[in-house]
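Asks: Residue numbers (the numbering used here), protein chains in the order written: chain A, 1 to 397; chain B, 398 to 794. In this text, a Cβ means the ideal position worked out from N, Cα and C, and glycines have one as well.
Number of protein chains: 2
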Amino acid sequence: MGHDAPLFYEDPVELVRGDGVWLEAADGTRYLDLYNNVPCVGHANPRVAAAIAEQAATLNVHSRYLHANVVDYTERLVGLHHDGIESVILACSGSEATEMALTMARSLTGKKGVICTDATYHGNTSLVSKLTGLPVGTDRDGVRSISTPQMYRPLANGLTEAELCQRYLDQLAATIAQFEADGLGFAGIMLCSILANEGLPTAPGGWFTEATEMVRDAGGFVIADEVQAGFARSGNWWGYDTSGFTPDIVCMGKPMGNGLPVSGMAASHDMITSFRGKQRYFNTFAASPLQAAAGMAVIDEITDRDLVASVASVGAALKTSLLALQASQARMGDVRGHGLFIGIDWVVPGTNEPDVDGAAAMVEALKARCMLLGKAGQHGNVLKIRPPLVFQQDHAD
Amino acid sequence: MGHDAPLFYEDPVELVRGDGVWLEAADGTRYLDLYNNVPCVGHANPRVAAAIAEQAATLNVHSRYLHANVVDYTERLVGLHHDGIESVILACSGSEATEMALTMARSLTGKKGVICTDATYHGNTSLVSKLTGLPVGTDRDGVRSISTPQMYRPLANGLTEAELCQRYLDQLAATIAQFEADGLGFAGIMLCSILANEGLPTAPGGWFTEATEMVRDAGGFVIADEVQAGFARSGNWWGYDTSGFTPDIVCMGKPMGNGLPVSGMAASHDMITSFRGKQRYFNTFAASPLQAAAGMAVIDEITDRDLVASVASVGAALKTSLLALQASQARMGDVRGHGLFIGIDWVVPGTNEPDVDGAAAMVEALKARCMLLGKAGQHGNVLKIRPPLVFQQDHAD
Numbered sequence: 001m002g003h004d005a006p007l008f009y010e011d012p013v014e015l016v017r018g019d020g021v022w023l024e025a026a027d028g029t030r031y032l033d034l035y036n037n038v039p040c041v042g043h044a045n046p047r048v049a050a051a052i053a054e055q056a057a058t059l060n061v062h063s064r065y066l067h068a069n070v071v072d073y074t075e076r077l078v079g080l081h082h083d084g085i086e087s088v089i090l091a092c093s094g095s096e097a098t099e100m101a102l103t104m105a106r107s108l109t110g111k112k113g114v115i116c117t118d119a120t121y122h123g124n125t126s127l128v129s130k131l132t133g134l135p136v137g138t139d140r141d142g143v144r145s146i147s148t149p150q151m152y153r154p155l156a157n158g159l160t161e162a163e164l165c166q167r168y169l170d171q172l173a174a175t176i177a178q179f180e181a182d183g184l185g186f187a188g189i190m191l192c193s194i195l196a197n198e199g200l201p202t203a204p205g206g207w208f209t210e211a212t213e214m215v216r217d218a219g220g221f222v223i224a225d226e227v228q229a230g231f232a233r234s235g236n237w238w239g240y241d242t243s244g245f246t247p248d249i250v251c252m253g254k255p256m257g258n259g260l261p262v263s264g265m266a267a268s269h270d271m272i273t274s275f276r277g278k279q280r281y282f283n284t285f286a287a288s289p290l291q292a293a294a295g296m297a298v299i300d301e302i303t304d305r306d307l308v309a310s311v312a313s314v315g316a317a318l319k320t321s322l323l324a325l326q327a328s329q330a331r332m333g334d335v336r337g338h339g340l341f342i343g344i345d346w347v348v349p350g351t352n353e354p355d356v357d358g359a360a361a362m363v364e365a366l367k368a369r370c371m372l373l374g375k376a377g378q379h380g381n382v383l384k385i386r387p388p389l390v391f392q393q394d395h396a397d
Numbered sequence: 398m399g400h401d402a403p404l405f406y407e408d409p410v411e412l413v414r415g416d417g418v419w420l421e422a423a424d425g426t427r428y429l430d431l432y433n434n435v436p437c438v439g440h441a442n443p444r445v446a447a448a449i450a451e452q453a454a455t456l457n458v459h460s461r462y463l464h465a466n467v468v469d470y471t472e473r474l475v476g477l478h479h480d481g482i483e484s485v486i487l488a489c490s491g492s493e494a495t496e497m498a499l500t501m502a503r504s505l506t507g508k509k510g511v512i513c514t515d516a517t518y519h520g521n522t523s524l525v526s527k528l529t530g531l532p533v534g535t536d537r538d539g540v541r542s543i544s545t546p547q548m549y550r551p552l553a554n555g556l557t558e559a560e561l562c563q564r565y566l567d568q569l570a571a572t573i574a575q576f577e578a579d580g581l582g583f584a585g586i587m588l589c590s591i592l593a594n595e596g597l598p599t600a601p602g603g604w605f606t607e608a609t610e611m612v613r614d615a616g617g618f619v620i621a622d623e624v625q626a627g628f629a630r631s632g633n634w635w636g637y638d639t640s641g642f643t644p645d646i647v648c649m650g651k652p653m654g655n656g657l658p659v660s661g662m663a664a665s666h667d668m669i670t671s672f673r674g675k676q677r678y679f680n681t682f683a684a685s686p687l688q689a690a691a692g693m694a695v696i697d698e699i700t701d702r703d704l705v706a707s708v709a710s711v712g713a714a715l716k717t718s719l720l721a722l723q724a725s726q727a728r729m730g731d732v733r734g735h736g737l738f739i740g741i742d743w744v745v746p747g748t749n750e751p752d753v754d755g756a757a758a759m760v761e762a763l764k765a766r767c768m769l770l771g772k773a774g775q776h777g778n779v780l781k782i783r784p785p786l787v788f789q790q791d792h793a794d
């Protein structure tokens, strides 16, 4: 893995096995996993493990031969989306999906300008990493950012929610206009549907709907990054359902294969066909029978165990408990999020000033109490609670 | 998979299962697989399938916790390389590995100029695809190409092999010098160690050794793309052993997990540590226990079944048979390659003019005789014979 490979915790955890929402360390400690979104239907999920085992023992080849399960899987996958999402190109990592989405948006519009928020992360490739930590007002090879829309640390104080929303929308409009003025043109916006890396801020009401309409009116594509937001995480199948907008392009990843590398980029038939016509794209390991087997088992589990509803109710109850706790804990500046993705904005009491060290100490303290979680957000001070979707009320208790 | 997903054959093959070097179609036809390098230790290899099954049923998480098998696997993997390769960063796809390698070469040298051949393919990301089909004399954002070194269709006629080698080396020297003259500086060269996508041309003797020494003397890194060349394919563990050079950076992919997505980029400890210090890199699905389990089983199979020696001897015998056949088949312009990666340059009889349609017809004709192979090369006319490594003499017969 290389020296200096990034590890969690001052004293890293060595894991040996997992089961549902539990992780067992080499020293025998059993941790409640409040962190991992990839093993969405539970660590070592038996149905997914069996599907992988059977397919690995039968056949696993690339996608230039036909395989019935791959066709079935891709059809089922796009069927989970709104009607405009009709076709998907599978890949292995989320970065490959976001890379394809940006490339497609630029290719189909013939324009270069891409907008993201100023506190995001959409992947690790040379192209996609241009969107990482990009301050407002700077241009990175045709990528520019807007301020992350949020109620808790707003762009300006003293405004009504509607006025604040308009302020954020005005900034978006100006950014689009500047792309046109600079001759780059506007290709689209890429947004995590629930602003996960931004720290799950609550955007002013209506922002997602109005911002995405503005993008489309300007001829740009709306790209929803559902790598973290998707697959029931927010209490709906997709984060865009929760946030109230309709994307043209969707990127999926992390939970798709419960840990087996699978990702995908989906859009309308016309868009995908046109993209394929312009751009050679082949991915050796993608659209394989193994990916299809794992992916189908994940969808089966989410569906058969009714995890969308479960996430919504368990998540709502958890958030209610945390909001109650907030009343007596002044460091919990803001409790927010959707479904089983909840953020606690850890602050200096009496202010909304981020307390990064305090959040880090909480992560370590909870580890000592056998609970694994992490921190994220624009300032790195947001405790993120994001357990496998099979997390239940008794785990919360 | 999207409409217009690229498929092989006029009437694509629908596969249902595999076993060793055999693939079975939905219509019951059993094909001898002369094409697939990814399932290197055989389709549905029992040891790999069992390792994947066991690990999927036990634990599969990302690399920010420790896992003993991941450490063991990465140590074993780098131990298969020359002494200067000490540390590896795992990823999912070959493109992610080559992307990291280029980024690292540029980051550590602080220079931009990258050289590749004019008939190569190293991956599908925005950065790496700049190396695809790049004509000599053009600049693509700091990437420039040299003519593919080859004896069969040489850069100039009437030269001795040594003179031809020098001509190719002179072109490389001029390309490096031009990068310096243009103020871009020189970061390194990326080469498939056996020039696979170029059509496996035989380079003039000494070219690899002298070219890579020239690169290093000029301060650039030598990046070996072993995604196709590695893991015993050429009759040695690594293509660079076969071609006779010592890379600073190695990219690995396709066969690593026998079809499970695994790839890696390896170099010295110092280089990897320095790269990690400069660049955030995290890959959700990579360096996972599942990758380690599959990867370790593949190495075990290659080692325990002595596939390096087997590939060398079976491949040599196959090549000898094909060379004998060439005497009576004027369309077989050149038979070349290493180990179980053999190319047949299909030509208009009496010339070295590529016969692309003839090669395509041969691929279809061999399918009708229940053999799957493909074509590749600079002109798309090279039949490539590249079966799983477990291919034996009786399969060849």
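1) Could you work out which residue in D622(B), L737(B) and A689(B) is closest to H519(B) when comparing CA atoms only?
2) Can you pull out the residues from the segment 451-473 of chain B whose beta carbon lies closer than 8 Å to at least one beta carbon of chain A?
3) Relative to the C-alpha of L155(A), which candidate in A173(A), L169(A), R386(A) and R144(A) has its C-alpha closest?
4) Among all the DSSP beta bridges, which residues are the ones paired with S145(A)?
5) Verify whether the separation of the beta carbon atoms of G295(A) and V262(A) is less than 7 Å.
6) Under a Cβ-count criterion, where at least 16 other Cβ atoms within 10 Å of its own Cβ denotes burial, should Q688(B) be classed as buried or exposed?
7) Count the other C-beta atoms from every protein chain shown that fall within 10 angstroms of the C-beta of A571(B), then say buried if there are 16 or more, exposed otherwise.
8) With a 10 Å radius around its C-beta and 16 neighbouring C-beta atoms as the bar for buried, classify D141(A) as buried or exposed.
9) Looking at the C-beta of H3(A), does it have a partner C-beta in chain B at a distance below 7 Å?
10) Is it buried or exposed for T351(A), if we count other Cβ within 10 angstroms and need 16 for buried?
11) For V533(B), which option in M649(B), A584(B) and T545(B) has the closest C-alpha, if you only look at C-alpha atoms?
12) Here's the rule: buried if 16 or more other CB atoms are within 10 angstroms of the residue's CB, otherwise exposed. What is K254(A)?
13) Output needed for V21(A): all residues of its chain with C-beta closer than 7 Å, excluding positions within five of it in sequence on either side, in chain order.
14) What residues match up with I385(A) in a beta bridge as DSSP calls it?
15) CA-CA distance, A453(B) and S328(A)?
16) If we cut at 7 Å on Cβ distances, does E198(A) have a partner in chain B?
17) Taking the continuous beta strand (DSSP E) assigned at G235(A), which residues delimit it?
18) Can you name, in chain order, every residue of its own chain whose Cβ lies under 6 Å from the Cβ of R336(A), other than the five neighbours on each side?
19) Pick from D579(B), L524(B), T529(B) and I543(B): whose alpha carbon is nearest that of T514(B)?
20) Considering only C-alpha positions, which residue in the set T506(B), V647(B) and A773(B) is nearest to A664(B)?
21) What separation, rounded to the nearest whole angstrom, lies between the Cα atoms of W207(A) and L108(A)?
22) Show which residues of chain B have a CB atom less than 8 Å away from the CB atom of H43(A).
23) Can you find a C-beta in chain A that's less than 7 Å from the C-beta of P652(B)?
24) C192(A) by DSSP, collapsed to three states: which one?
25) Flag N124(A) as yes if its beta-carbon sits less than 7 Å from any beta-carbon of chain B, otherwise no.
26) When burial is assigned at 16 or more other CB atoms within 10 Å of the CB, is E451(B) buried or exposed?
27) According to DSSP, simplified to helix, strand and coil, what is S87(A)?
28) Please identify the residue among T58(A), C40(A), I189(A) and N197(A) whose C-alpha is closest to the C-alpha of M214(A).
29) Tell me the residue span of the alpha helix (DSSP H) that contains C605(B).
30) Against I449(B), what residues of chain A qualify as contacts under a CB-to-CB distance less than 8 Å, listed in chain order?
31) What residues in its chain sit with their C-beta under 6 Å from that of Y73(A), if we drop five residues either side in the sequence?
32) Can you name the residues of chain B whose CB is closer than 8 Å to the CB of R17(A)?
33) Taking V298(A) as the query, report the chain B residues whose CB atoms sit under 7 Å from its CB, ordered along the chain.
34) Grab the span of the alpha helix (DSSP H) containing R461(B) for me, first residue to last.
35) Consult DSSP for Y31(A) and reduce its assignment to one of helix, strand or coil.
36) DSSP beta-bridge partners for L372(A)?
Replies: Quick answer:
1) For the purposes of this step, residue 519(B) is identified with residue 122 of the second sequence, where counting begins at 1. Out of D622(B), L737(B) and A689(B), D622(B) has the C-alpha closest to the C-alpha of H519(B).
2) A453, A454, T455, L456, N457, V458, H459, S460, R461, Y462, L463, H464, A465, V467, V468 and T471
3) Locating residue 155(A) in the first sequence gives position 155, where the first residue counts as 1. Among A173(A), L169(A), R386(A) and R144(A), the Cα nearest to that of L155(A) is on L169(A).
4) Here the question's residue 145(A) lines up with position 145 in the first sequence. In the DSSP output, where bridge partners are listed per residue, S145(A) has C116(A).
5) Within the first sequence, residue 295(A) is the residue found at index 295, counting from 1. Within the first sequence, residue 262(A) is the residue found at index 262, counting from 1. Yes. Within cutoff.
6) In the second sequence, residue 688(B) corresponds to position 291, counting from 1. Its Cβ being crowded by 16 or more others within 10 Å, Q688(B) is buried.
7) For the purposes of this step, residue 571(B) is identified with residue 174 of the second sequence, where counting begins at 1. By the 10 Å Cβ count, A571(B) comes out exposed.
8) Position 141 of the first sequence, counted from the first residue, corresponds to residue 141(A). So D141(A) counts as exposed.
9) As a working note, residue 3(A) is residue 3 in the first sequence. Because the pLDDT of H3(A) is 43, which lies under 50, any placement of that residue in the model is unreliable, and the number read from its coordinates should be weighed accordingly. Output row for H3(A): interface = yes.
10) On the first sequence, position 351 is the one that residue 351(A) refers to. It counts as exposed.
11) Taking the second sequence and counting its residues from 1, one reaches residue 533(B) at position 136. Selected option, being the one with the closest Cα: T545(B).
12) Looking up residue 254(A) in the first sequence gives position 254. By the neighbour-count rule (16 or more Cβ atoms within 10 Å), K254(A) is buried.
13) Looking up residue 21(A) in the first sequence gives position 21. Correct list, in chain order: L32, D33, G42, P387, P388, V390, F391 and H395.
14) Indexing the first sequence from 1 puts residue 385(A) at position 385. Its beta-bridge partners are I342(A).
15) Looking up residue 453(B) in the second sequence gives position 56. Looking up residue 328(A) in the first sequence gives position 328. Taking the straight line from one Cα to the other gives about 42 Å.
16) Looking up residue 198(A) in the first sequence gives position 198. With 7 Å as the cut-off, E198(A) does not count as an interface residue toward chain B.
17) On the first sequence, residue 235(A) is found 235 positions in, with the first residue counted as 1. Where G235(A) is concerned, there is no enclosing beta strand (DSSP E), given that its DSSP letter is neither H nor E.
18) Residue mapping note: residue 336(A) aligns to position 336 of the first sequence, counting from 1. Around R336(A): L200, T202 and G343.
19) Along the second sequence, one-based indexing puts residue 514(B) at 117. For the residues D579(B), L524(B), T529(B) and I543(B), the minimum Cα distance to T514(B) belongs to I543(B).
20) For this step, residue 664(B) is matched to residue 267 along the second sequence. Of the candidates T506(B), V647(B) and A773(B), the one whose C-alpha sits nearest the C-alpha of A664(B) is V647(B).
21) Residue 207(A) sits at position 207 when you count from the first residue of the first sequence. Residue 108(A) sits at position 108 when you count from the first residue of the first sequence. Using only the alpha carbons, I get a separation of about 26 Å.
22) Taking the first sequence and counting its residues from 1, one reaches residue 43(A) at position 43. Those are L456, N457 and V458, listed as they occur along chain B.
23) Here residue 652(B) refers to the residue found at position 255 when the second sequence is read from its first residue. Taking Cβ atoms only, chain A never reaches closer than 7 Å to P652(B), which makes this a no.
24) Sequence index remark: in the first sequence, residue 192(A) carries index 192 (1-based). Of the three classes helix, strand and coil, the one that applies to C192(A) here is strand, per DSSP.
25) Sequence index remark: in the first sequence, residue 124(A) carries index 124 (1-based). For N124(A), the answer is yes, since a Cβ of chain B falls inside 7 Å of its Cβ.
26) Reading the second sequence from its first residue, position 54 is the one you call residue 451(B). Exposed, since its Cβ has fewer than 16 Cβ neighbours within 10 Å.
27) Counting from 1 along the first sequence, the entry for residue 87(A) is found at position 87. Three-state result, S87(A): strand.
28) Translated into the one-based positions of the first sequence, residue 214(A) becomes position 214. Ranking the options by Cα distance to M214(A), first place goes to I189(A).
29) The residue given as residue 605(B) occupies position 208 in the second sequence. Reading the sequence as shown, one finds Phe at residue 605(B) and not Cys. Its alpha helix (DSSP H) spans residues W604 to D614.
30) Along the second sequence, read from residue 1 onward, the residue named residue 449(B) stands at position 52. Per Cβ cutoff of 8 Å: I52, A53 and A56.
31) Position 73 of the first sequence, counted from the start, is the residue given in the question as residue 73(A). Around Y73(A): A292, G295 and M296.
32) Here the question's residue 17(A) lines up with position 17 in the first sequence. Under the 8 Å cutoff, chain B gives T455 and L456.
33) As a working note, residue 298(A) is residue 298 in the first sequence. Those within 7 Å of V298(A) in chain B number zero; the least Cβ separation is about 12 Å.
34) Stepping through the second sequence from its first residue, residue 461(B) is reached at position 64. Element bounds for R461(B): n/a, residue is neither H nor E.
35) The residue labelled residue 31(A) in the question sits at position 31 within the first sequence. Residue state, collapsed to three classes: strand.
36) Taking the first residue of the first sequence as position 1, residue 372(A) is located at position 372. L372(A) pairs with D33(A).
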